[in-house]
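Peer 1:
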Amino acid sequence: DGGITQSPKYLFRKEGQNVTLSCEQNLNHDAMYWYRQDPGQGLRLIYYSQIVNDFQKGDIAEGYSVSREKKESFPLTVTSAQKNPTAFYLCASSKLAGVGNEQFFGPGTRLTVL
Amino acid sequence: DAKTTQPPSMDCAEGRAANLPCNHSTISGNEYVYWYRQIHSQGPQYIIHGLKNNETNEMASLIITEDRKSSTLILPHATLRDTAVYYCIVKGGTASKLTFGTGTRLQVTL
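If you're matching them up, the sequences are chains A and B in order.
For the first sequence, the working numbering assigns the number 1 to the initial residue and increments by one for each residue that follows.
For the second sequence, the working numbering assigns the number 115 to the initial residue and increments by one for each residue that follows.
Below, the structure is given as structure tokens:
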């Protein structure tokens, strides 16, 4: 089945530790995205990538880093510099960035920092 | 990207049509209207999108007014599984991000 996978579903970390969230897609999509969702709120864009080895900051990139070494993979690292990392993290992909191409989302990773 | 306004919540009886409104009065000519929904603790699910004409797919219909300042998502026969938060999003130009508001919480009841 084609789709987007995120792992793990739940993740617990101690304060001050970096943590990397996985996102893989087998849809042959060019663009990939990371969003953050806080309780009762909409999604906010962290980073996106339109092509391998290139990515751009979204609205709330501070304290996060990404890489795009392969078309299928777009891992997100939540660093210790992120002041409030506990949130629901969602990865998405689309055929091409821009108008008219819908984004498909993975199931999400719920990160809790203790 | 244009901002959207949606009612915070709506109820619908199972089997009836659910009509979810969205205002986007500042939409510009090259911006599309997208609808997504999010069932609790899951990733958002794409429903439908359109530019000017009404659109229909296996999930829903999208009615866009002639002046494009508002739209309505129609779920023709709502079921309990349609209970979710529905987001209306306007996106266009070279923007890559989807700007999510707080959406409409649709509760489908027996």
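By construction, the Cβ of each residue, glycine as well, lies at the ideal position given by its N, Cα and C atoms.
For a cutoff of 8 Å on Cβ pairs, would you count E102/A as touching chain B?
Peer 2: Closer than 8 Å: yes.
Peer 1: Is it true that the CB of A192/B sits closer than 8 Å to the CB of C126/B?
Peer 2: Contact flag set, yes.
Peer 1: Are there 16 or more other CB atoms within 10 angstroms of the CB of T20/A, so buried, or fewer, so exposed?
Peer 2: T20/A comes out exposed.
Peer 1: G206/B lies in the beta strand (DSSP E); which residues open and close that run?
Peer 2: G206/B -> beta strand (DSSP E) spans A198 to G206.
Peer 1: What in chain B is Cβ-close to L21/A, meaning under 8 Å?
Peer 2: What L21/A touches in chain B: nothing, since even the nearest Cβ is about 13 Å away.
Peer 1: Just the C-alpha distance for N101/A and L45/A, rounded to the nearest angstrom, thanks.
Peer 2: Cα to Cα, N101/A sits roughly 17 Å from L45/A.
Peer 1: Does DSSP put R130/B in a helix, a strand or coil?
Peer 2: Correct three-state label for R130/B: coil.
Peer 1: Beta-carbon separation of Y89/A and T77/A under 8 Å?
Peer 2: Their beta carbons are not under 8 Å apart, which means Y89/A does not touch T77/A by this criterion.
Peer 1: Within the 8 Å Cβ cut-off, does Y48/A reach chain B?
Peer 2: Yes, because at least one Cβ of chain B sits closer than 8 Å to the Cβ of Y48/A.
Peer 1: Please list the partners that G106/A has in chain B, where partner means a Cβ-to-Cβ separation under 9 Å.
Peer 2: Here the neighbours are G157.
Peer 1: Here's a check: name, in chain order, each residue in its chain whose Cβ is nearer than 6 Å to the Cβ of N168/B, leaving out the five neighbours to either side.
Peer 2: If we look at N168/B and ignore the five residues flanking it on each side, its Cβ neighbours are I177.
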